[in-house]
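Heads up: the structure comes next, in structure tokens.
Numbering (the numbering used here), first residue to last: 10 to 509.
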């Protein structure tokens with residue numbers, strides 16, 4: 010593609026060199042630059058792409074989009090612009106032909122504080138299960154049908170990756186694309202120039218205040234995503250959902266509401282619940298759909314209902330699709346039960362917001378026959394204001410809580426612990442900085458009646474320590490500890506033998 014065409018719609022402030030060049034690739038990492046590529050220099054939070062322009066040129070870049078440059082190579086074209094992130098999305102859309110590729114796809118954006126990954130996974134699963142080929146980009150990774158093709162370090166990847174993903178989806182015959190859209194994805198222009206047919210708003214509670222400064226600004230970023238969607242599906246039980254519905258209607262957007270506790274276009278009635286499942290019905294006008302889910306959680310009722318509403322609006326047989334929800338594969342690290350030979354009740358979950366902690370722990374406690382033992386921490390270099398509330402929440406709902414590290418990044422771990430325990434009034438907690446040792450303690454004091462829930466990592470297979478990604482596969486660690494416990498006996502077994 011000619012450079013001139015790649016840059017169509019880009020706000021060019023000034024230019025050094027010609028535009029009559031053939032561009033074979035676009036990159037934002039100088040290490041992946043190659044012959045005849047366009048390198049886009051982005052100022053990140055830890056590194057500045059402008060520092061790597063010369064590396065990109067050495068590796069073959071024939072054009073550079075940047076804010077400024079000191080040294081010019083005569084054979085390289087330099088394009089200067091002010092908002093590089095915004096222009097990157099325009100370039101990605103041009104280079105990968107996003108709008109053309111999207112003509113045969115219906116693309117759904119899912120946003121909100123909690124429930125995005127689960128809703129995305131349910132929607133993709135029921136579509137694929139019924140022969141409607143669907144791709145999905147979420148926190149857990151990128152998938153074509155059921156095949157994982159890539160990991161995501163961010164909830165929503167960079168603009169180049171997401172636009173290329175849409176192109177790949179179209180090329181392999183997908184009919185649907187599901188994208189988990191974070192607030193930062195909107196603010197940082199990662200999902201600009203994508204035609205979303207549907208948008209789902211799950212809920213909103215305080216998060217990323219270190220980035221946005223206030224809940225209001227965080228909400229505005231979520232609102233901006235929904236404003237780009239043709240049809241907006243909104244949880245009207247949520248306070249911010251109600252506000253969003255009002256705003257969207259004022260702008261004459263098509264809005265579909267769903268709720269358990271309020272009047273809505275799609276009303277949800279929970280009929281029965283036990284420790285293994287929930288049965289509910291969705292009522293819309295004169296139609297009624299019966300649904301059974303294998304996760305006894307109200308959050309999963311909302312998530313599965315939202316997924317079914319998209320299918321309904323797209324004209325698919327909801328009654329048929331709803332039958333597949335019960336067998337839906339739970340996203341990795343979302344209320345995931347760890348099977349084991351010791352018959353211990355072990356759950357791992359990605360919860361990392363106060364609302365997520367409240368929702369998950371309340372749900373687990375409700376079905377807990379013995380003690381609830383919780384292992385958790387709070388991420389470093391992130392919103393500190395949530396930490397006391399999370400500590401209070403976990404200590405009040407749990408019988409025993411073990412505080413440990415969870416992606417401390419560059420922040421002092423003791424400082425994080427201090428913030429957490431400032432909200433705790435009970436004395437039912439222990440602090441064990443090493444996460445593996447914390448998990449080991451929890452699993453060795455647990456009986457078959459107890460439930461151990463390990464919060465924060467979920468699907469992640471690493472710890473971020475001093476901004477380095479250190480391998481940490483929680484599921485493997487759990488199995489390793491259980492294997493040793495099976496050979497040696499539990500702490501409780503040893504104590505009972507010693508007292509005989």
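Beta carbons: idealized from backbone N, C-alpha and C, even for Gly.
These figures come from a predicted structure and were not determined experimentally.
Residue j beta carbon less than 8 Å from that of residue i
i           : j           : result
residue 24  : residue 207 : no
residue 474 : residue 397 : no
residue 254 : residue 275 : no
residue 382 : residue 454 : yes
residue 211 : residue 278 : no
residue 433 : residue 404 : yes
residue 85  : residue 66  : yes
residue 15  : residue 100 : yes
residue 356 : residue 486 : no
residue 91  : residue 22  : yes
residue 301 : residue 286 : yes
residue 330 : residue 139 : yes
residue 194 : residue 165 : yes
residue 148 : residue 319 : no
residue 420 : residue 386 : no
residue 428 : residue 393 : yes
residue 542 : residue 236 : It is not possible to answer for residue 542, since the shown part of the chain is limited to 10 through 509.
residue 203 : residue 175 : yes
Residue i, enclosing alpha helix (DSSP H) - first and last residue
i           : result
residue 381 : Note, residue 381: premise wrong, no alpha helix (DSSP H); beta strand (DSSP E) at 381-385.
residue 319 : 307-322
residue 170 : 168-180
residue 466 : It is not in any alpha helix (DSSP H) - residue 466 carries neither H nor E in the DSSP assignment.
residue 277 : Per DSSP, residue 277 belongs to no alpha helix (DSSP H); it is in the beta strand (DSSP E), 275-282.
residue 79  : Counting along the chain, residue 79 falls outside any alpha helix (DSSP H), and DSSP gives it neither H nor E.
residue 231 : 224-236
residue 451 : 444-454
residue 48  : Here residue 48 belongs to no alpha helix (DSSP H); instead the beta strand (DSSP E) covers 46-49.
residue 371 : 363-375
residue 107 : 107-110
residue 153 : Looking at the DSSP string, residue 153 is not in any alpha helix (DSSP H); the run it does join, the beta strand (DSSP E), is 150-153.
residue 219 : 218-221
residue 438 : Not the alpha helix (DSSP H): residue 438 falls in the beta strand (DSSP E), residues 438-440.
residue 137 : 125-138
residue 396 : 396-406
Residue range of the beta strand (DSSP E) that includes residue i
i           : result
residue 156 : 156-159
residue 203 : Where residue 203 is concerned, there is no enclosing beta strand (DSSP E), given that its DSSP letter is neither H nor E.
residue 147 : 143-147
residue 54  : No beta strand (DSSP E) contains residue 54, which DSSP labels as neither H nor E.
residue 266 : 263-268
residue 410 : 409-412
Sequence-distant residues of its chain with Cβ nearer than 7 Å to residue i (five each side left out)
i           : result
residue 262 : 241
residue 158 : 151 and 152
residue 490 : 448, 449 and 452
residue 68  : 39, 42 and 43
Cβ shell of residue i (< 6 Å), same chain only, five flanking positions each side left out
i           : result
residue 119 : 125, 128, 129, 189 and 209
residue 18  : 99
residue 61  : 39
residue 239 : 206
residue 89  : 22 and 23
residue 304 : 344
residue 216 : 122 and 362
residue 507 : Any reading at residue 507 needs caution, since the residue's pLDDT is 33, under 50, leaving its predicted position unreliable; the model's value is listed next. So the list is empty, once near-sequence residues are dropped.
One or two residues paired with residue i in a DSSP bridge
i           : result
residue 65  : Residue 65 is not bridged to any residue.
residue 119 : 189 and 209
residue 289 : 279 and 300
residue 255 : According to DSSP, residue 255 bridges with nothing at all.
residue 8   : Nothing can be reported for residue 8: it is not among the residues displayed for the chain, which extend from 10 to 509.
residue 480 : 471
residue 244 : 267
residue 89  : 23 and 75
residue 36  : 48
residue 460 : 354 and 381
residue 525 : Outside the displayed span of the chain (10 to 509) sits residue 525, for which this structure offers no information.
Chain-order list of residues whose beta-carbon lies under 8 Å from that of residue i (same chain, five-residue window excluded)
i           : result
residue 492 : none
residue 97  : 37, 49, 51, 74, 167, 168, 169 and 198
residue 281 : 287 and 288
residue 504 : Legend: pLDDT at residue 504 = 37, less than 50; position of this residue unreliable, no value from coordinates given.
residue 502 : Confidence at residue 502 is low in this model, with a pLDDT of 45, below 50, so its placement is unreliable and no value can be given for it.
Should the segment 328-347 be regarded as contacting the segment 437-455, the criterion being three or more beta carbon pairs within less than 8 Å?
In the pairwise beta carbon analysis, the segment 328-347 is classified as not touching the segment 437-455: fewer than three pairs are separated by under 8 Å.
For the segment 177-187 against the segment 108-119, do three or more pairs of beta-carbon atoms, one drawn from each stretch, fall closer than 8 Å, so that the two count as touching?
The segment 177-187 vs the segment 108-119: in contact.
Using 8 Å as the cut-off, can you tell me whether the segment 364-374 makes contact with the segment 296-313, which would need three or more C-beta pairs spanning the two stretches below that distance?
In short, these stretches touch, since the Cβ pair count reaches three.
Given 8 Å as the limit, is there contact between the segment 344-364 and the segment 463-472, that is, 3 or more CB pairs closer than that?
With a cut-off of 8 Å, the segment 463-472 and the segment 344-364 count as touching, because enough Cβ pairs lie within range.
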